[in-house]
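K.L.:
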Amino acid sequence: MTPREAIQDLMAEYGLLIDEDRLEDWIALFAERCSYRVVSRENVEQGLPQVLMLCTNKDMLLDRISSYRQVNEYNFHSDRHVIGAPRFHGEQAGLWRIEASYSLFQTDVEGVSRLFSVGRYDTTIVFEHGHARLRDMTVIVDTAAIPTLLATPI
Amino acid sequence: MTPREAIQDLMAEYGLLIDEDRLEDWIALFAERCSYRVVSRENVEQGLPQVLMLCTNKDMLLDRISSYRQVNEYNFHSDRHVIGAPRFHGEQAGLWRIEASYSLFQTDVEGVSRLFSVGRYDTTIVFEHGHARLRDMTVIVDTAAIPTLLATPI
Amino acid sequence: MTPREAIQDLMAEYGLLIDEDRLEDWIALFAERCSYRVVSRENVEQGLPQVLMLCTNKDMLLDRISSYRQVNEYNFHSDRHVIGAPRFHGEQAGLWRIEASYSLFQTDVEGVSRLFSVGRYDTTIVFEHGHARLRDMTVIVDTAAIPTLLATPI
């Protein structure tokens with residue numbers, strides 16, 4: 013498998029694991045040293061430091077998912093990601109950078125599917141023991157006005 | 013062409029043929045022995061056997077499309093699939109398995125495009141005479157509450 | 013990089029550059045001799061020659077973007093493309109043809125993201141100085157009833 017293919021597969025896995033509510037497996041896609049942040053397009057364009065969600069290491073990601081599990085005994089919605097093909101920026105010092113557009117739909121308990129969020133992933137990827145892993149994942153949502161509380165990752 | 017590329021192309025073709033209303037050509041994407049079923053996520057998660065649509069061989073698929081053609085003299089909507097990159101499970105005994113998220117939009121006669129269904133394909137693929145063909149295609153819709161009658165395949 | 017990969021990357025770039033409002037860089041994806049047109053599915057199916065937008069060379073594309081920049085001092089919306097994997101028709105006399113489904117979402121100043129248009133790209137691609145470039149790009153929108161004025165390219 014080429015790095016290109018491994019990165020394509022990593023992004024497919026990223027979306028499907030969230031959609032299956034396998035959030036612990038989703039965390040396993042991250043590198044040992046990693047970060048995950050959600051920011052809005054407005055803030056990025058205006059150079060504002062504000063973030064909607066920030067985890068600067070794997071323990072913070074685990075904590076977040078574990079709190080989420082405790083608070084949400086039942087799933088109130090299901091997610092569905094459809095992610096576009098990546099823009100490949102190439103490799104530098106062992107880090108690959110890609111960007112990819114996403115559309116995220118949610119289906120509620122009444123069975124209605126709706127557009128929830130669109131935006132872009134800006135991601136660096138590192139290979140650990142031969143596996144592509146997320147090093148720094150920035151989710152740039154096209155709007156911070158997200159219709160419900162930001163509970164699960166995007 | 014690698015099996016990976018042939019499978020990517022098969023899934024692109026799958027969506028575009030439905031969207032072009034070339035349903036007879038769409039059936040030709042299936043293997044000689046094949047099945048096609050539509051189930052809901054709720055049913056899969058609760059282990060219920062209920063299906064929304066089931067064809068266990070190619071003749072059933074042909075029958076279904078032919079009835080559809082007789083009933084619908086005019087097209088009342090057009091479809092548009094946008095399908096995510098596949099998760100590849102590899103090959104076992106000549107069968108390749110993949111999963112892929114889809115978003116399906118419909119445009120009605122008044123020219124309004126709407127989200128119709130989101131969900132996931134879970135598919136086994138076999139190579140016949142060098143061509144990738146669908147062996148067992150399960151469409152897992154995120155909700156069974158689909159706004160109109162299930163007329164065309166998803 | 014194979015032609016297949018170069019074409020995949022070109023289409024990813026196509027969507028992301030529009031979404032970043034980098035329309036001048038988007039024009040640079042076109043070949044020296046090129047065309048860009050937006051037509052509706054109804055018109056294509058009925059063999060009607062009507063087009064929603066037509067640029068038959070690069071200067072026309074540049075003019076259009078430049079007028080757009082003068083009229084729109086501020087961005088009134090942001091775009092988000094999610095494009096499906098291409099159907100590859102192969103190469104003929106140096107021209108590669110592909111088709112790909114797209115979904116296009118817009119986010120307005122109030123922060124609401126909505127489905128804006130779905131449809132299909134039908135594109136010929138030529139390699140110039142080793143780079144994949146758009147020769148003739150036809151955007152077939154599933155409906156001409158697009159909710160706002162057609163300002164930016166699709």
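Protein sequences appear in the order of chains L, G and P.
One point on numbering: in our numbering, the residue at position 125 of the first sequence is 137, and numbering is uninterrupted.
One point on numbering: in our numbering, the residue at position 46 of the second sequence is 58, and numbering is uninterrupted.
One point on numbering: in our numbering, the residue at position 56 of the third sequence is 68, and numbering is uninterrupted.
Note that beta-carbon positions come from the ideal geometry of N, C-alpha and C, so glycine has one too.
Could you say if the segment 124-143 of chain L and the segment 59-71 of chain L meet the contact criterion of at least three C-beta pairs nearer than 8 Å?
P.N.:
Segments in contact, no.
K.L.:
Determine the chain L residues that contact residue 123 of chain P at a beta-carbon separation under 9 Å, and present them in chain order.
P.N.:
52, 54, 154, 155, 156, 157 and 158
K.L.:
Alpha carbon to alpha carbon, how far is residue 149 of chain P from residue 72 of chain P?
P.N.:
14 Å
K.L.:
Report yes or no: is there a C-beta of chain G within less than 8 Å of the C-beta of residue 142 of chain L?
P.N.:
no
K.L.:
Could you have a look at residue 58 of chain P and say whether DSSP puts it in helix, strand or coil?
P.N.:
coil
K.L.:
Does residue 111 of chain G have its Cβ less than 8 Å from a Cβ in chain L?
P.N.:
yes
K.L.:
For my contact list, residue 19 of chain G and residue 108 of chain G are in at a C-beta cut-off of 8 Å; report their separation, rounded to the angstrom.
P.N.:
6 Å
K.L.:
To the nearest angstrom, how far is the alpha carbon of residue 74 of chain P from that of residue 36 of chain P?
P.N.:
7 Å
K.L.:
Does any C-beta atom of chain L lie closer than 8 Å to the C-beta of residue 17 of chain P?
P.N.:
yes
K.L.:
List the DSSP bridge partners of residue 52 of chain G.
P.N.:
Among the bridge pairs identified by DSSP, residue 52 of chain G is matched with G/153.
K.L.:
Counting only the same chain and skipping the five closest in sequence on each side, list residues whose C-beta sits under 7 Å from that of residue 121 of chain P.
P.N.:
88
K.L.:
Please confirm whether residue 94 of chain G has its beta-carbon closer than 8 Å to some beta-carbon of chain L.
P.N.:
yes
K.L.:
Give the range of the alpha helix (DSSP H) segment to which residue 120 of chain G is assigned.
P.N.:
That residue, residue 120 of chain G, is in no alpha helix (DSSP H); its beta strand (DSSP E) goes 107-120.
K.L.:
Kindly indicate if chain G contains any beta-carbon less than 8 Å away from that of residue 128 of chain L.
P.N.:
no
K.L.:
CB residue 23 of chain P to CB residue 112 of chain L, shorter than 8 Å?
P.N.:
no
K.L.:
How far does the alpha helix (DSSP H) with residue 63 of chain G in it reach, from first residue to last?
P.N.:
Premise fails: residue 63 of chain G is in no alpha helix (DSSP H) and is neither H nor E.
K.L.:
Round the Cβ separation of residue 154 of chain G and residue 92 of chain L to the nearest angstrom and send it over; I've been treating them as touching at under 8 Å.
P.N.:
At roughly 6 Å, the Cβ-Cβ gap stays under 8 Å, so residue 154 of chain G and residue 92 of chain L are in contact.
K.L.:
Nearest by alpha-carbon distance to residue 158 of chain P: which of P/44, P/104, P/116 and P/139 is it?
P.N.:
P/116
K.L.:
Give me the Cα-Cα distance between residue 101 of chain L and residue 110 of chain L, rounded to the nearest whole angstrom.
P.N.:
6 Å
K.L.:
Does the beta carbon of residue 31 of chain L sit closer than 8 Å to a beta carbon anywhere in chain G?
P.N.:
Yes, because at least one Cβ of chain G sits closer than 8 Å to the Cβ of residue 31 of chain L.
K.L.:
Can you tell me whether residue 28 of chain P is buried or exposed, with buried defined as 16 or more other CB within 10 angstroms of its CB?
P.N.:
The residue is buried, with at least 16 neighbouring Cβ atoms inside 10 Å.
K.L.:
Just curious, the beta strand (DSSP E) that residue 83 of chain G is in, first and last residue?
P.N.:
No beta strand (DSSP E) holds residue 83 of chain G; the alpha helix (DSSP H) holding it covers 70-83.
K.L.:
What residue from L/39, L/14, L/21 and L/54 has the CA that sits closest to residue 131 of chain L's CA?
P.N.:
Cα-wise, what sits closest to residue 131 of chain L is L/54.
K.L.:
Residue 103 of chain G lies in the beta strand (DSSP E); which residues open and close that run?
P.N.:
99-104
K.L.:
At 8 Å on the CB atoms, spell out the chain G contacts of residue 115 of chain P, in chain order.
P.N.:
92, 94, 115 and 117
K.L.:
If you follow the alpha helix (DSSP H) that residue 16 of chain L is in, where does it begin and where does it stop?
P.N.:
15-31
K.L.:
Beta carbon of residue 18 of chain G: closer than 7 Å to some heavy atom of the ligand FAD?
P.N.:
The ligand FAD is not part of the structure shown, which contains no ligands of any sort.
K.L.:
Could you tell me the boundaries of the alpha helix (DSSP H) in which residue 39 of chain G lies?
P.N.:
Element bounds for residue 39 of chain G: 35-39.
K.L.:
Does the beta carbon of residue 131 of chain P come closer than 8 Å to any beta carbon on chain G?
P.N.:
yes
K.L.:
In the structure shown, what three-state DSSP assignment does residue 88 of chain G receive?
P.N.:
Correct three-state label for residue 88 of chain G: coil.
K.L.:
Name the chain L residues that come within less than 9 Å of residue 88 of chain G, Cβ to Cβ?
P.N.:
Ordered by position in chain L, no residue passes the 9 Å Cβ test against residue 88 of chain G, which lies about 20 Å from the chain.
K.L.:
Sort G/143, G/16, G/114 and G/139 by Cα distance to residue 129 of chain G and report the nearest one.
P.N.:
G/114
K.L.:
Kindly identify the DSSP beta-bridge partner or partners of residue 145 of chain P.
P.N.:
P/138
K.L.:
If we cut at 8 Å on Cβ distances, does residue 165 of chain L have a partner in chain P?
P.N.:
no
K.L.:
Would you tell me roughly how many angstroms separate the C-alpha atoms of residue 77 of chain G and residue 38 of chain G, rounded to the nearest one?
P.N.:
Pairing residue 77 of chain G with residue 38 of chain G, the inter-Cα distance amounts to about 10 Å.
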